[in-house]
Every structure is written in structure tokens, then in C-alpha cells.
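Trainee: Mapping to this note's numbering: the sequence shown position 5 is -6, numbers consecutive. Beta carbons: idealized from backbone N, C-alpha and C, even for Gly.
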Amino acid sequence: MYKKIEQVDQGYKEDYEKAKRFIENLWETDEFKLEKEKAQQLFRDIYTKTIIPEKFRDDLENGLLREYINNKDINERVKLLAKILEYTVTVPEYKVKGKQLEPVKKLKNVYWLKADYSPETGVEE
-10 MYKKIEQVDQ GYKEDYEKAK RFIENLWETD EFKLEKEKAQ QLFRDIYTKT
40 IIPEKFRDDL ENGLLREYIN NKDINERVKL LAKILEYTVT VPEYKVKGKQ
90 LEPVKKLKNV YWLKADYSPE TGVEE
């Protein structure tokens, strides 16, 4: 009985090692590297950041954002959040890489962008 278990374990181990070697070799092939680069280019726009341009910061922090943070009525908060989100822009992550981003207080995954932003041209260098 123990011999049979050992044989099964050995067979499993051999299959595992073969699969592991196959995957490791796949990562090294030139064709896979090209496919990986192509996939990164295709999906790079999926990686985005939601930003609010810095020029709106004072108005929002002293107005809508303050109201949103201090208001306890859920219906009113939803309305305020909708108004705040009108100031947001979703940009590809590579466009803001290296730029100063600061999280907006009480808004998950929304950042102040410390760079110029134009609706016509987007994030300006």
C-alpha cells in the first residue's frame, strides 16, 4: 500500500516539475515577450487614475467637499458626491506617472493632481 502511495506521489512530483519547467521556459521565449509587450500596450489605458486638477482644490475643499464630509444625511451625501465627481477626470496612469498626486480626503481612489490639466489636451507636461 505504501509503495502505491509513493508511486502516485512520485508521478505527481514528476508532472509538477514538467509543468513548472514548461512555464519557466515559456517566460523566456521571444514570442512570449513580444506578446507580453503587445498586451501591455493594449491594456495600458485600463490602468487609470481618477484625478481632480489642483486648480479646483480651494473651491472644493472650502465648499462641496467640506459639506460632503460634515453631512450625515446619506441622500444629501450622495448628491454632494455626484457634484464633486463632476470635477474628476480619469486619465491613463502613464500620463500622471512621476506627477505629484495627493489623495483627496474621504474619497477613495481620487487624487489631487499637482500639474496643469486642460480638457482639450489632458495632462500637460
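Can you name, in chain order, every residue of its own chain whose Cβ lies under 6 Å from the Cβ of Asp105, other than the five neighbours on each side?
Mentor: Counting only Cβ-Cβ distances below 6 Å, and skipping sequence neighbours, we find Glu113.
Trainee: With H, G and I counted as helix, E and B as strand and the rest as coil, what does DSSP make of Glu109?
Mentor: Residue state, collapsed to three classes: coil.
Trainee: May I ask you to report which of helix, strand or coil DSSP gives Lys95?
Mentor: In this structure, Lys95 counts as coil in the three-state DSSP scheme.
Trainee: Would you mind sorting Tyr57 into buried or exposed? The rule is 16 or more other CB atoms within 10 Å of its CB.
Mentor: Tyr57 is buried by the Cβ-count criterion.
Trainee: Out of curiosity, what's the CA-to-CA distance linking Asn59 and Gly87?
Mentor: Rounded to the nearest angstrom, the two C-alpha atoms are 33 Å apart.
Trainee: With a threshold of 8 Å, are at least 3 pairs of Cβ atoms found where one atom belongs to the segment 3 to 14 and the other to the segment 35 to 53?
Mentor: Not touching, per the Cβ criterion.
Trainee: Could you tell me whether the Cβ atoms of Leu69 and Leu53 are closer together than 8 Å?
Mentor: Cβ atoms of Leu69 and Leu53: closer than 8 Å.
Trainee: With the cut-off set at 8 Å, would you say Pro92 and Tyr83 are in Cβ contact?
Mentor: The answer is no: Cβ separation not under 8 Å.
Trainee: Which residue comes first and which comes last in the beta strand (DSSP E) that contains Lys38?
Mentor: 37 to 42 is the span of the beta strand (DSSP E), which, as asked, contains Lys38.
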